[in-house]
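Residue numbers (the numbering used here): 56 to 126.
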C-alpha cells in the first residue's frame with residue numbers, strides 16, 4: 056500500500072494564519088467537506104484533484120473495509 060499526504064484546499068480571508076486555521080476548522084464542522092485537494096505520494100509527485108460531490112457522497116457511503124484487497 057502506498058502512503059499519501061492529502062491537503063484540503065479552501066480560500067479563507069482572515070487577519071492571521073491562526074484565524075484562517077480556526078475559520079477552516081469551523082467550516083469543516085458546519086458544512087460539507089471540501090472538494091479540492093492536493094495529494095502528494097511517497098515520490099513527492101503532486102496531483103491537484105477536484106472531486107464531484109455526488110460521486111464523493113456515494114463513495115463515502117460504501118463500506119470499503121469489506122473488500123479483501125484492503126486487508
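Here a beta-carbon is modelled for each residue, glycine too, at the ideal position from N, C-alpha and C.
For residue j and residue i, the rounded distance between their alpha carbons
i: residue 68; j: residue 82; result: 12 Å
i: residue 73; j: residue 79; result: 10 Å
i: residue 110; j: residue 63; result: 17 Å
i: residue 118; j: residue 59; result: 21 Å
i: residue 107; j: residue 115; result: 12 Å
DSSP-derived helix/strand/coil call for residue i
i: residue 61; result: strand
i: residue 115; result: helix
i: residue 107; result: coil
Cβ-Cβ distance between residue i and residue j below 8 Å
i: residue 112; j: residue 104; result: no
i: residue 65; j: residue 89; result: yes
i: residue 57; j: residue 96; result: yes
Host alpha helix (DSSP H) of residue i (start-end)
i: residue 73; result: 72-85
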